[in-house]
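Going down the list, the sequences are from chains A and B.
If you read the first sequence in this note's numbering, its first letter stands for residue 377, the second for the next number, and so on.
If you read the second sequence in this note's numbering, its first letter stands for residue -6, the second for the next number, and so on.
Heads up, the beta-carbon is just placed ideally off N, CA and C, and yes, glycines get one too.
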Amino acid sequence: GAVVSQHPSRVICKSGTSVKIECRSLDFQATTMFWYRQFPKKSLMLMATSNEGSKATYEQGVEKDKFLINHASLTLSTLTVTSAHPEDSSFYICSARPWDRGETQYFGPGTRLLVL
Amino acid sequence: EDQVTQSPEALRLQEGESSSLNCSYTVSGLRGLFWYRQDPGKGPEFLFTLYSAGEEKEKERLKATLTKKESFLHITAPKPEDSATYLCAVQARYSGGGADGLTFGKGTHLIIQP
């Protein structure tokens, strides 16, 4: 149990376009989901905490108007990278926390974004 | 500010050679300490959650322990398929405001040679 999926697994887009990444908890409900970013050979950095039915909480330095997060249901959160630029190219990973597993977060497989 | 330091950065072992990975942490009240395994190009795979000093968890060849300042991931008689990056993360006591994520260390890149 506790499977998290992400779609797409990789995406290439042109500079200036927007890209939407979906994160789904497949076999559990998650009131809280998280979005992380990972640069090559670096560790994961938290971008934002997404709570179902309310606005996301962004970490310091993360532009909320650039990285739009929507958590419309207990199994789905989306991250939209707006007006993407090459420096937004990265590995985006979401996680979800089941309500009955304490503090443990389960991670998705990640989405590789390349902005040309 | 919460901090997690993992050592060594990289470790190369022979198959069957046991060792330990270290995770030192500084956090304003620990809610949980987590170990994950990450393979190249994939998301982290959950291994263990530890909540209080003295707690131990085991799974196959892995054993995680926790003190008030650090955690160890012991690997007994490793196999080549244990090769991966092992990540340690902490979650601090919730301070309100909605932010509630994990702080990760940089990881230990483990290679097990046959």
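- For Y468(A), the closest of F483(A), S430(A), S449(A) by C-alpha to C-alpha distance is F483(A).
- DSSP, read as helix, strand or coil, puts E428(A) in coil.
- Short of 6 Å from the beta carbon of S21(B), and not among the five residues preceding or following it, lie these beta carbons of its own chain, in chain order: A85.
- DSSP, reduced to helix, strand and coil, places E435(A) outside both helices and strands of the structure shown, so it counts as coil.
- Close CB contacts of L402(A) within its chain, under the 8 Å cut and outside five residues either way in sequence, are with V379, V380, S381, T451 (chain order).
- Counting C-beta atoms within 10 angstroms of its own C-beta, Y29(B) has 16 or more neighbours from the protein chains shown and is therefore classed as buried.
- Residue contact check for K35(B) against chain A: a CB pair falls below 8 Å.
- Looking at the DSSP output, E51(B) bridges to K56(B).
- Between the stretch 72 to 83 of chain B and the stretch 97 to 106 of chain B there are three or more C-beta pairs closer than 8 Å, enough to call the two in contact.
- Contacts with chain A (Cβ-Cβ distance below 8 Å) from the stretch 40 to 57 of chain B involve T42, Y44, listed in chain order.
- For the set M409(A), P384(A), C389(A), the Cα lying nearest the Cα of A472(A) is the one of M409(A).
- Only residues of its own chain outside the window of five on either side were considered, and among them F41, A57 have a CB closer than 6 Å to the CB of K50(B), listed in chain order.
- Beta-bridge partners assigned by DSSP to S391(A): none are found.
- Between the alpha carbons of M421(A) and V491(A) lies a gap of roughly 20 Å.
- Looking at the DSSP output, V(-3)(B) shares a beta bridge with Y18(B).
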